[in-house]
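Have a look at the structure below before the remarks.
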Amino acid sequence: MLSIKNLNKTYPNGTKALNNVNLEIDKGMFGLLGPNGAGKSTLMRTIATLQLSDTGSIEFDGIDVFSEPEELRKVLGYLPQDFGVYPKVSAEMMLNHIAKIKGIHNKSDRTAYVSDLLNKVNLYKFRKRNLGDYSGGMRQRFGIAQALIGNPKLIIVDEPTAGLDPMERNRFHNLLSELGEDAVVILSTHIVDDVVNLCTNMAVFNEGSVVVQGHPLELTNSLNGRIFRKKIDKEELEKYQEEYSVLSAYLRSGQLNVNVYSESQPGDGFEVVNNTLEDFYFYSINQPQTV
Amino acid sequence: MKEIYLFELKYRMRRPATYIYIFIAFLIPLLIAVFEKSNTAQFTNSPNAIMGVLGGMSVLYLFFYAAIMGVAVYRDEEHRTAQTYFTFPVSEKNYILGRFWGSFTIVTFMNIAAVLGAMCGFAMGIFLDRPDYGIYTSFNFASYFYPFVYLLSFNAFFIGSLFFGLMTFFKRMPILYLGGIVIFILTIVSSRLLANLDTEWLSVYVDPFGAEAQNFIDKYWSVHELNTTQLSLSGKFLINRMIWLGLAIGIFVFTLFRFSYKGFLSSKKKQNTKEDKEEYKAGHALAKVVQVFNSKARRENLWSLSKIEFLSIVKETVFIILMVIGIVIAGFVAYQSNQIYGTPSLPLTRYMVAQIAGGISLFSVIILIIYAGEAVHRTRQNKTFEFYDALPVSNNTLYLSKIISLIGVAVVLTLISIVVGVIYQTLNGYFDYELGMYFVYNFAKIFPTYIMTLLLAFFIHVLVNNKFLGHFIVIVIYIGLPLLLTLAFKTSNPLVIFGGTTGGFLSDLNGFGHYLVGEFWLNSYWILLTCILAVIGKLFWNRGFFSSGKERLLLAKQRFTGRTIAYTLVFLFAFASVGAYSYYNLKVLNQIEDGNYGEKVNADAEKKYGKYIGKPHIQVTDLKAFIDIFPEDRRIEAKGEFKVVNNFDVALDTLLMEVKFPIAETRITKVVYNDVELKPFLKDTVYRLFMYKLPEPLQPEESASLVIETEAITKGFSSDTETAVLGNGTFFRDAIFPTFHYERALSDNGIRIKNGLKKLDYLLPPRTDSIALKKNLFNEDANYMTFEATISTSKGQTAIAPGVLTKKWEEDDRSYFNYKLEGKTDYFFSFVSAEYEVKNDFWIAPSGKKVDIEIYHSPKHKRNLDYFIKGIKISLDYNSKNFFEYPYSVIRIIEFPAHSNFAQSFATTIPYSENFGFVADFSKAEDYNYAFRITSHEVAHQWWGHIVTPSKTSGANIISETLAEYVSLMTMKKEYGENGIKAFLKNSLDTYLSSRQFSFKPERTLINVETGQYIWYEKGSMIMYDLQDVIGEDKVNTGLRSFLEEFKYNEKGYYATSEDLYKALYKVTPDSLKYKVNDGFKEIVLYENRVIDANTKELKTGKWETTFTVNSKKIYYDDAGREREIDKKKNLVDIGLFGEDVVNDEQVTIKDPFYFELKWLEPGDNKFTIITDEKPLKAGIDPYNKLIDRNSDDNLKSIEE
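In structure tokens form, the structure reads like this:
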């Protein structure tokens, strides 16, 4: 349904944010996993009609995003990573306004719809409060609510769970997967678990390009038997990083561990681990991380 | 602290904005200095001029000071760096000091740039070699340094610490705007105060920038003092600077000590959060909602978005505060400006609309510019755009909604002007609201400027995409560009000056007149241009994250399709059509040329025709004028049947005719000389000068008949206000007929040199020029002549020319009037036509002759007619009794529309501006009744001007103006008593002293004055008043009577000079006081009188003995204002002792003298001991300020016991 072809984008300061991006995304939840600064937000914004690419095309359900942005906006729900609000306007009023813009012109329908939405994101109680007085989490929930207005066919959420407590996060995930049954949902995140829990498809995005695309489980499984772990001393890390392809170095109960990728048993003290998507993620971005 | 300071400095130096600020700070004074011009003897780059340029910069830079200093601490809030920053080991004081001084250093760089800019500008000015820009003096570092320290730096410190403090404590951007505007108002207020004699002293305290205070201080300085005195921190200027510097230090110290990290971080008080206890109840229609995106929905969206945008502007506190300030200022402006000579005028709607708009529209423009910026940046600033721009709302809707909301704001602002005006009138007890005029004025003249302003500002903000820079560019385009065009190109073409229109004036007689047509077309022109910009702006509307110029251009290309192209074309076409039509009207049908063009035409004419100056030419002895006025078409047809004579001793073979009528298209249609039609052999249609060969030479003493037909027509609309013929209120002079001699048109020496003409020291011939003595000053085309006029106009209007009305009739739907002047007069006539009501009265001359008094006035103006009549009667009486009986049997005052404020005296007839007394409110006795006074002045011209006509020599005009002023003063004294003229003398003194520095090249003495009105009116009235005070009114009048006898009606064969007048007065003055006549007429004399000390004690008898010392000093100055000599002789001066001021029967506060004498005072200290019955409170020397003294405050002193 959403087809992205040969997308390229270089910022005036020379940063290559998108490097020949090609993606085909169907209905359902699609996870876009990538480190900070990988260009995820650029891609999201570009799909959400907020930015131009230098070359390439995006098509959604027959809509050419670049030439008919207005058409796409009618079926789009977008939650940016970082957004502001009108501080002196209440959530209810703002959502009502957005609902109107999104074409819900019948007044009673709209009122009921907005109330329902506020309830869904657990803001009904605070609907009369000015957005400026919302806490970070509440504001994020408001952002979610506005993205859902009008049963969008394409939902793009950029780091949606940032600032949400675990309960709200679950609530949101449920809401999102409900929507995913009927729409293309792109979830951009650097939290691997979110992708594992929610997505049927995913792509790893790094340095402006799609590194790999597939089903999370399949991708995970592709590395079965090739990820090894070893407990090491802190001083040794540098040596290991030179010798092995270290995917991640992390602490377990105060003891430093390294996960390395190897076609065969790398040697003494290494054991095969029950590899996860995270290992695949690190493997694919080929960039050892300290967690 | 050092690190914070250096960081601040480095941070600033890395920001491009800093360099832009510094560059602008450099550029503006440079441009101003380059175009600085001096029409007086003041050097173009005098210390005073430099102070003016740099002092003005302070006000302009307010915006930058605020932006730089205000955000120093605010930045840490904005970028959310405060939380981390404040945990570093830096004390609060060091943090504040570092930030403050870091920013202040940048501001100082700006100020240095300004000084360098001014230096470069003046240097360029010298280099450009433009004689018409005045004379330059050599570079003097001090002239720049002192203003840099006392004005720029002090002001930067004040503004800086104010905004630094405000932003540190309030942490809100709008504070920046508000604070700036409050400061700005203070400057406006202080300059307004300065304009009023009673309140000017306040400007020393109120003016935060010091420049107005300095203007008050150097108000009476001579050109020489302006040229040589450096700004110095002393006297009242010191007071002003200390007040504001003190305040600045106070604020700074307060900020320094009250600032705390905790206070800064604590967010604003928790608001009462509304929490609805109500639980959610599931409603209907949940899952599936209908989404409609049809055009109806779009329209609804547009409407609702516009509403939201509109409300988010008008509900904002800043908007409301700005509005309130605007209203207050408008009220203040109306109160301050609705007066003439300090006497209030009635709050007529035609005054109100202009004055209220004058006060509010500046704020409205500021509001519209600010909120155009807000509208563009609002979603960007609060980052709402990150999701908002992805909503399904079209660019059109988004874009238009903002424009519609701004238009809504403009409508509100326009309506507020009307409401404020009506309220102001009501509060003043004036209920004759002319709502139609309110609406037409505000919606046809003011509203269009708002529309073009907001569209321009909106466009610029869209394009520039940076709020501060955007505001700045808008201001440059709005103020700087027109200024540049006017200064650099001397153009007044409304087609190139943004928002320019043809202008006009409002009148009770003439209403809006014909002026709305031109304004309509030019407003349309500018609105259409801004509409094109608005359409272009739409292409560049920034939605989402498009940032690079290339991308915006790409998008713009993409968006430039179908309807947008169509709209662009439609607007372009409309703009081009309206532009072409306006151009056709302004430039093809009419003339519009820049200032240089006019100078060049005049200079070329002088080069060609200068040889005819002073040459013999025909002179008129009899004129029968036939004038047809067509007010509807604003057209005149005239025919003059002249009898002309050769009064010179050579034969005349050519006839020169120059058309001087103000309407550009004035043509001589026919010339018949002794029944032979003449055709010109020289036709200069540019300068409008024509020369004819006479069929046979006109021999000396020989007469001939000459018939001249002329026509003056107006076409379409013109940039010229064309006030000569109006729909209702035509007033023009004898210039409808050509003159028979050539006269110089350029008098400014700079302009003359620039155009290759000779410098002129004097404009008129000297008093020894025997030919000039045979010519009268007003028109050398005739000596005394007879005059008859048949004048026709539209039915319903009355047409008036000088003389007695002998016949009136109607023919072909037109009214005809025939006037015949009794006796002879100089060649100086007026023709007036409008719908009038007439008030009649009469005056009986001492000989028993009855003189009819007629006041032709608008039916709306009945209020003050009695004052005019009284003025006429008293002046007729005074002049007839003291000098010569009034020679005619009628005298009339005729109102003309408010295009200018003056009255002018023709034989029997005085046209009088409707603004000049007809609508004044003379109900308070202490207010100066100028209707009475000006009337008596104008009536006096029937003698001083028309019976004794001045010769065409230097200084002669005082015979007309100073003597009319003298008579007017004497009639006032008669009518209102000595006390009634105190205010008048005070104003005269002020006007004379403050005008000296603007004198046309050197300051002339009374006897030599040629151009300075302040000399022949104000100085003249001071001198004459003092003279009659010391030698007696009767003696003066005796002198004047013999002077009149000698020179009346040119019986002597030559006209009077100022020397003749001087001699007449000198003769009647006792020897001991002759110095007064000499000082007054032939010298520039200033007194410096003051009371040194005064003590009183009660005597045993119950009386009081007061001993006081007065210091008397009289200084002679040269014509440049340099001290020449301190007088060593005794002078006759008033001294006195006074009790508490009393309020007289007419509610006027006056002094209460216990002792008052004229005394001969030695130069220096004079001690007196005087015994009075009551205890005196004040001692004084020249306490009524009859002598010219620059500091009149120290003439009175409280007496100590």
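Just so you know, the sequences run in chain order A and B.
Taking my numbering, the leading residue of the first sequence gets 272, the next gets one more, and so forth.
Taking my numbering, the leading residue of the second sequence gets 872, the next gets one more, and so forth.
We put the CB at the ideal spot given by N, CA and C, even for glycine.
Residue i, DSSP secondary structure in three states
i       : result
B:R1961 : strand
A:Q560  : For A:Q560, the predicted structure reports a pLDDT of 42, less than 50, and the residue's modelled location is therefore unreliable. The matter cannot be settled from this model.
A:N290  : strand
B:K1744 : helix
B:I875  : helix
B:A1509 : strand
B:H1332 : helix
B:F1318 : helix
A:F301  : strand
A:Q352  : coil
A:E439  : helix
B:A1261 : coil
B:K1731 : coil
B:Q1775 : coil
B:L2073 : Here chain B has residues from 872 to 2072 only, and residue 2073 of chain B is not among them.
Beta-carbon contacts of residue i that lie in its chain and below 6 angstroms, excluding the five residues immediately before and after
i       : result
B:S1746 : S1807, V1810, A1811, T1842
B:L1068 : D1861
B:I826  : The structure shown does not extend to residue 826 of chain B, since chain B spans only 872 to 2072, so no value can be given for it.
Cβ-Cβ distance between residue i and residue j below 8 angstroms
i       : j       : result
B:L1569 : B:N1517 : yes
B:N1850 : B:L1617 : no
B:R1221 : B:L1377 : yes
A:L548  : A:V467  : yes
A:F354  : B:K1254 : yes
B:F1739 : B:G1788 : yes
B:P1821 : B:Y1926 : yes
B:L1523 : B:F1755 : no
B:K1646 : B:K1919 : no
A:V392  : A:E363  : no
B:G1816 : B:S1831 : yes
B:I1726 : B:A1774 : no
Residues near residue i by beta carbon distance below 7 angstroms, same chain, minus five either side
i       : result
B:T1297 : none
B:Q1226 : V1204, A1205, S1208, N1209
B:Y1304 : T1220, V1293, Q1296
B:Y1633 : S1825, E1881
A:C470  : M300, F301, G302, L458, P487
Residue from the options with nearest C-alpha to residue i
i       : options                            : result
B:T958  : B:S1131, B:W1072, B:I899, B:I1724  : B:S1131
B:V1491 : B:T1972, B:N1011, B:D1652, B:D2023 : B:D1652
B:L1526 : B:I1498, B:D1499, B:V1557, B:I1579 : B:I1579
B:N1858 : B:L1840, B:K1646, B:P1873          : B:L1840
B:Y1242 : B:L1097, B:T1977, B:L1277          : B:L1277
B:E1096 : B:N1267, B:F1035, B:P918, B:G1117  : B:P918
B:E1180 : A:H368, A:Y552, A:M438             : A:H368
Residues near residue i by beta carbon distance below 8 angstroms, same chain, minus five either side
i       : result
B:L1136 : A953, Q954, F957
B:I1238 : F1190, L1193, M1194, G1197, V1280, L1284
Under 7 angstroms from the C-beta of residue i: neighbouring residues of chain E
i       : result
B:Q1462 : The question asks about chain E, but that chain is absent: this structure's protein chains are A and B.
Paired residues, beta bridge with residue i - DSSP
i       : result
B:W2031 : B:L2003
B:E1708 : B:H1728
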